[in-house]
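Peer 1:
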Amino acid sequence: MALLCLLCITGWSFPARAQSEPSELSLQVVQDISNLRQKAFAASQKGQFTEAETYWSQLIDYLPDEAALWSNRGNVRVSQNKLEEALEDYNRAVALAPDQPDPYLNRGAALEGLGRWEDAIADYSQVLALNPDDAAAYNNRGNAQAGLGHWEVALADYQKAADLDPKFAFARVNAALAEYQLGNADEAIRQFRSLPRRYPNFADARAALTAALWGQGQRGEAESNWVAVIGLDRRYRDLEWLSTVRRWPPAMVAALEKFLNL
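Residue numbers (our numbering): 49 to 310.
(1) To the nearest angstrom, how far is the alpha carbon of Arg65 from that of Ala141?
(2) Would Gln93 be called buried (16 or more neighbouring beta carbons within 10 Å of its own) or exposed?
(3) Going by beta carbon distance, what residues of the same chain come within less than 7 Å of Ala210, once the five residues before and after it are set aside?
(4) If you compare alpha carbons, which of Arg164, Asp181, Arg267 is closest to Leu308?
(5) So, helix, strand or coil for Phe97, using DSSP?
(6) As a quick exercise: from Tyr103, Asn273, Phe240, Glu235, pick the residue whose alpha carbon is nearest that of Phe89.
(7) From which residue to which residue does the alpha helix (DSSP H) around Phe250 run?
(8) My parser needs the alpha helix (DSSP H) runs of 4 or more residues fully inside the stretch 88-144; what are they?
(9) Closest to Gln174 by CA distance: which of Asp147, Pro297, Lys306, Phe250 is it?
(10) Mind reading off the beta-carbon distance from Ala100 to Val126? Whole number of angstroms is fine, and I expect it under 8 Å.
(11) If you run the structure through DSSP and keep just helix, strand and coil, what is Gly197?
(12) Where does Leu162 fall in DSSP's three states?
(13) Tell me, please, whether the stretch 287-294 touches the stretch 261-278 by the rule of three or more beta-carbon pairs shorter than 8 Å.
(14) Return the residue from the list Ala303, Asn179, Ile81 that minimises the CA-CA distance to Pro112.
(15) When you compare only the Cα positions, how much space is there between Tyr186 and Leu176?
(16) Taking Gln229 as part of the alpha helix (DSSP H), name the residues at either end of that continuous run.
(17) So for Pro191, helix, strand or coil by DSSP?
(18) Using only the alpha-carbon positions, how far apart do Gly231 and Ala194 sit?
(19) Would you tell me roughly how many angstroms separate the C-alpha atoms of Arg254 and Gly263, rounded to the nearest one?
(20) Does the beta-carbon of Leu310 have 16 or more other beta-carbons within 10 angstroms, so that it is buried, or is it exposed?
(21) Output needed for Ala303: all residues of its chain with C-beta closer than 8 Å, excluding positions within five of it in sequence on either side, in chain order.
(22) Could you pull the start and end residues of the alpha helix (DSSP H) that Trp274 belongs to?
(23) Let's see if you can read the secondary structure: which residues bound the alpha helix (DSSP H) around Glu305?
(24) For Gly95, I'd like the list of residues in its chain whose CB is within less than 8 Å of its CB, leaving aside the five on either flank, ordered along the chain.
(25) Mark Lys306 as exposed unless 16 or more other C-beta atoms lie within 10 angstroms of its C-beta, in which case mark it buried.
(26) According to the neighbour-count rule (16 or more other Cβ atoms, all chains shown, within 10 Å of its Cβ), is Leu162 buried or exposed?
(27) Taking only the alpha-carbon atoms, compute the straight-line gap between Trp118 and Leu153 and give it to the nearest angstrom.
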């Protein structure tokens with residue numbers, strides 16, 4: 049479960065065979081490439097995804113064997129919901145740099161977007177084979193396991209992600225959501241309550257807490273949390289968004305639906 053699965057804009061280095069030799073490029077071309085990189089990263093970080101895609105494509109024209117460029121273009125295509133095109137970019141990145149974890153992580157997110165849960169799990173597992181301490185890969189693999197309805201397995205992955213990175217708020221809320229789906233409402237509420245104390249503007253945890261408390265008859269606290277949610281992110285009123293984009297588990301969506309229909 050994630051607002052979007054975590055992607056990684058990368059700037060990692062590669063073996064010499066995977067890059068154009070500097071001697072093959074004129075000084076002007078080297079400068080053009082440097083300028084394009086700066087523009088591509090800036091546009092990606094600002095959410096200017098159409099513009100960023102153009103810059104990454106121009107860089108690929110210059111350096112077609114640089115895997116990071118394909119992976120980064122794939123990321124901005126995912127952000128535009130161009131999932132099939134992104135998948136082609138990630139496939140190319142993986143072929144060029146099979147020992148780098150980032151293209152597998154990013155391809156896994158695209159596969160999730162396409163509902164290809166088992167293929168996504170395979171990519172996240174490959175990330176963990178290359179980097180066993182990658183918290184994002186554990187969280188994302190939990191998302192894919194949740195897509196299959198494997199809630200206990202998903203919970204274990206979310207807990208591992210949170211153990212590796214205690215500040216990873218979404219891994220922690222995902223673990224609590226899985227607890228709720230598994231029928232462990234008291235434990236889920238305990239975890240939901242702890243997150244806003246550390247992250248007061250974390251709408252996801254407050255919305256889940258609202259639904260869980262309402263289900264237990266704690267109406268006053270539920271309603272006070274909901275006031276904060278609406279001030280932070282009004283998308284939580286949209287059950288379709290919760291189910292298909294945020295991908296809350298069914299029991300949590302049903303609990304919030306009862307609150308909204310009061």
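In this text, a Cβ means the ideal position worked out from N, Cα and C, and glycines have one as well.
Peer 2: Reading from the atomic positions:
(1) Residue confidence for Arg65 is low, a pLDDT of 34 falling below 50, so the modelled location carries little weight; the figure read from the coordinates is stated next. Their Cα atoms are separated by approximately 14 Å.
(2) exposed
(3) Phe216, Ala219, Arg220, Ala223
(4) Arg267
(5) helix
(6) Tyr103
(7) Taken as a continuous stretch (DSSP letters only), Phe250 belongs to no alpha helix (DSSP H), as it is neither H nor E.
(8) 97-110, 115-127, 131-144
(9) Asp147
(10) With a Cβ gap of about 12 Å, Ala100 and Val126 do not count as contacting.
(11) coil
(12) coil
(13) no
(14) Ile81
(15) 8 Å
(16) 217-229
(17) Checking the sequence, you will find Asn at residue 191 rather than Pro. Three-state result, Asn191: helix.
(18) 15 Å
(19) 14 Å
(20) exposed
(21) Tyr228, Ala259, Ala260, Trp262, Gly263
(22) 267-280
(23) 298-308
(24) Ser127
(25) exposed
(26) exposed
(27) 13 Å
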